[in-house]
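Trainee: Here it is, the structure, as structure tokens.
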Amino acid sequence: AQSVTQLGSHVSVSEGALVLLRCNYSSSVPPYLFWYVQYPNQGLQLLLKYTTGATLVKGINGFEAEFKKSETSFHLTKPSAHMSDAAEYFCAVSVPMGGGTSYGKLTFGQGTILTVHP
Amino acid sequence: GAVVSQHPSRVICKSGTSVKIECRSLDFQATTMFWYRQFPKQSLMLMATSNEGSKATYEQGVEKDKFLINHASLTLSTLTVTSAHPEDSSFYICSAGGDYGYTFGSGTRLTVV
């Protein structure tokens, strides 16, 4: 079974400051890792994902994350926060499956609410 | 890109009635659909996984007779909350899974009064 731990349920930064949202995972097999953003009363939007290959993954809106197997981490960063980044962020893990569906069920972390101050 | 249309976005129903939530994949075939429930200020909890043409697999603790899932075609999956009660009030989200990854619906806010 896999699990995800997001350190910090709330993170507050100033506009223009570095954003760092922490995620650690547990998986018995090489995982697929994801970061999603959710705005109030909306679904989830994919920011980025890691499956295989390059461990530094670039996503939308200037976000990136680095898969560190030795640390079992997949922290999300953005060099300069924007007011529009204020939202809730979820880290998630799945394990690859054979057959017709390559992506198994997702397990989500508890979420981190990002607040951006002017 | 892949889009999943989820309806309704909001629904208010009386206690004891049933509510159906639909998720349609608009430009691709969703072989697998995941249904999640999200309580306020909490994460998404997987309720069940359904594959087209077969019975859904429910997570531990989820009542399959209460949350009926139908995935009769590659473009449509439905979740029916039967005999709804106030404790069923929540945000329900579907997600189509496949070789490309996951595509989420926009969610349904269910309020049972």
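Same order as they appear, the protein sequences are chains A and B.
My numbering puts the first sequence at residues 13 to 130.
My numbering puts the second sequence at residues 88 to 200.
Think of the CB as a built atom: it goes at the ideal place given N, C-alpha and C, for glycine as much as any other residue.
As the structure is a computational prediction, the values presented were derived from the model and not from experiment.
(1) For Gly111(A), count neighbouring Cβ atoms within 10 angstroms of its own Cβ and tell me buried if that reaches 16, exposed if not.
(2) Looking at Ala171(B): is its Cβ nearer than 8 angstroms to the Cβ of Val149(B)?
(3) With 8 angstroms set as the bound, which would you pick, yes or no: does the beta-carbon of Tyr189(B) sit closer than that to a beta-carbon of chain A?
(4) Return no unless some Cβ of chain B is closer than 8 angstroms to the Cβ of Gln14(A).
(5) Using a Cβ-Cβ cut-off of 8 angstroms, state whether Ser105(B) counts as contacting chain D.
(6) Let me confirm a value: Ser92(A) is counted as buried when at least 16 other C-beta atoms fall within 10 Å, else exposed. Which label applies?
(7) Using the Cβ count rule (16 or more neighbours within 10 Å means buried), how would you classify Val200(B)?
(8) Near Thr63(A), which residues of its chain fall below 6 angstroms by C-beta distance, leaving aside the five closest residues on each side in sequence?
(9) So, is His87(A) buried or exposed, given that buried needs 16 or more other C-beta atoms within 10 angstroms?
(10) Would you tell me roughly how many angstroms separate the C-alpha atoms of Gly20(A) and Tyr101(A), rounded to the nearest one?
(11) Tell me whether Gln116(B) is buried or exposed, calling it buried when 16 or more other Cβ atoms sit within 10 Å of its Cβ.
(12) Buried or exposed for Lys90(A), going by 16 or more other Cβ atoms inside 10 Å?
(13) Could you work out which residue in Phe191(B), Pro173(B), Phe178(B) and Thr198(B) is closest to Gln125(B) when comparing CA atoms only?
Mentor: According to the data block:
(1) By one-based count along the first sequence, residue 111(A) stands at place 99. Caution applies to Gly111(A), whose pLDDT of 49 falls short of 50 and renders its modelled position unreliable; the value that the coordinates give is listed next. Burial call: exposed.
(2) Residue numbering aside, residue 171(B) sits at position 84 when the second sequence is read from its first letter. Residue numbering aside, residue 149(B) sits at position 62 when the second sequence is read from its first letter. No, these two residues do not count as a Cβ contact at 8 angstroms.
(3) Within the second sequence, numbered from 1, the residue matching residue 189(B) stands at position 102. Chain A, which has a Cβ nearer than 8 angstroms to the Cβ of Tyr189(B), makes this yes.
(4) For this step, residue 14(A) is matched to residue 2 along the first sequence. Cβ-Cβ to chain B under 8 angstroms: no for Gln14(A).
(5) Any reference to chain D falls outside this structure, whose protein chains are A and B.
(6) As a first step, residue 92(A) is located in the first sequence; it is residue number 80 there, counting from the start. Ser92(A) is exposed by the Cβ-count criterion.
(7) Counting from 1 along the second sequence, the entry for residue 200(B) is found at position 113. Its Cβ having fewer than 16 others within 10 Å, Val200(B) is exposed.
(8) Here residue 63(A) refers to the residue found at position 51 when the first sequence is read from its first residue. Closer than 6 angstroms at the Cβ level, and outside the excluded window around Thr63(A), lie Tyr44.
(9) Translated into the one-based positions of the first sequence, residue 87(A) becomes position 75. Buried, since its Cβ has 16 or more Cβ neighbours within 10 Å.
(10) Here residue 20(A) refers to the residue found at position 8 of the first sequence. Here residue 101(A) refers to the residue found at position 89 of the first sequence. Approximately 11 angstroms between the Cα atoms of the pair.
(11) As a first step, residue 116(B) is located in the second sequence; it is residue number 29 there, counting from the start. With fewer than 16 other Cβ atoms within 10 Å, it is exposed.
(12) Taking the first residue of the first sequence as position 1, residue 90(A) is located at position 78. Buried, because 16 or more other Cβ atoms sit within 10 Å of the Cβ of Lys90(A).
(13) Along the second sequence, read from residue 1 onward, the residue named residue 125(B) stands at position 38. Ranking the options by Cα distance to Gln125(B), first place goes to Phe178(B).
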